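Engineer: This is the structure I want to talk about, given as structure tokens.
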Amino acid sequence: MKEKELRRSLAVLPIGTVMKLTNLTARQIRYYEEQKLVKPERNEGNRRMYSLNDIDRLLEIRDYLDEGINMAGIKHIYIEKERKRAAKKAQLDKPLTDSDVRRILRDEFISVSGLGKKEEFPFKHNKNL
DNA sequence: TTTCTGACA
DNA sequence: TGTCAGGA
982 MKEKELRRSL AVLPIGTVMK LTNLTARQIR YYEEQKLVKP ERNEGNRRMY
1032 SLNDIDRLLE IRDYLDEGIN MAGIKHIYIE KERKRAAKKA QLDKPLTDSD
1082 VRRILRDEFI SVSGLGKKEE FPFKHNKNL
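Numbering of the first sequence is given in the numbering used here, commencing with residue 982 and proceeding in unit increments.
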């Protein structure tokens, strides 16, 4: 199960292939890199090389875009994902207290339900939301 | 030919 | 986000 993840992380696809696989323009793909949503490797000639994991992430980003979520919202999603990953790692050393659990569940509920202040929920208001 | 960075009638 | 320039 480790060999598989290794292959999916191998950056072997040039941007032209990624364009066809994701239906995104080179402009968009490079822009998402600037926004730190993907981190392609660079080959000897400074060409961006993407891995299958990058493809998945770009497809995910494209789906969010189709759902009407803006860049700020998408960045928010990944930033939170990272924060929670780090938080989870911390949990391994120090078990959560009951109050921690309640706080996390509350934040989770507010985020998913969209009941939080709109300043903290930068998603675009459209028919899908 | 393909991709890169920077820039904007 | 599209698109053009100018170089690799």
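Note that beta-carbon positions come from the ideal geometry of N, C-alpha and C, so glycine has one too. This one's a predicted model, so the numbers in the text were calculated from it and none came from an experiment.
What first and last residue would you give for the beta strand (DSSP E) that runs through arginine 1066?
Structural biologist: That residue, arginine 1066, is in no beta strand (DSSP E); its alpha helix (DSSP H) goes 1052–1074.
Engineer: Using DSSP with H/G/I as helix, E/B as strand and the rest coil, what is asparagine 1109?
Structural biologist: Interpretation of asparagine 1109 is limited by its pLDDT of 44, a score under 50 that renders its predicted location unreliable; no figure is taken from the coordinates.
Engineer: Can you check whether the CB of valine 999 is closer than 8 Å to the CB of leucine 1039?
Structural biologist: It is a contact, given that the beta carbons lie within the stated cut-off.
Engineer: Using the C-alpha atoms, what's the distance from lysine 1056 back to glutamine 1009?
Structural biologist: Cα to Cα, the separation comes out at about 14 Å.
Engineer: Counting C-beta neighbours from all protein chains within 10 Å, is the total for isoleucine 1050 16 or more, i.e. buried, or is it exposed?
Structural biologist: Looking at its Cβ environment, which holds 16 or more other Cβ atoms inside 10 Å, isoleucine 1050 is buried.
Engineer: Just tell me which of Arg1029, Asn1034, Glu1022 has its CA closest to the CA of alanine 1007.
Structural biologist: Of the listed residues, the one whose Cα sits closest to alanine 1007 is Arg1029.
Engineer: Pick from Leu994, Lys983, Ala1053: whose alpha carbon is nearest that of lysine 1020?
Structural biologist: Of the listed residues, the one whose Cα sits closest to lysine 1020 is Leu994.
Engineer: Starting from methionine 1030 and walking both ways along the beta strand (DSSP E), at which residues does that stretch end?
Structural biologist: Segment 1029–1031, the beta strand (DSSP E) holding methionine 1030.
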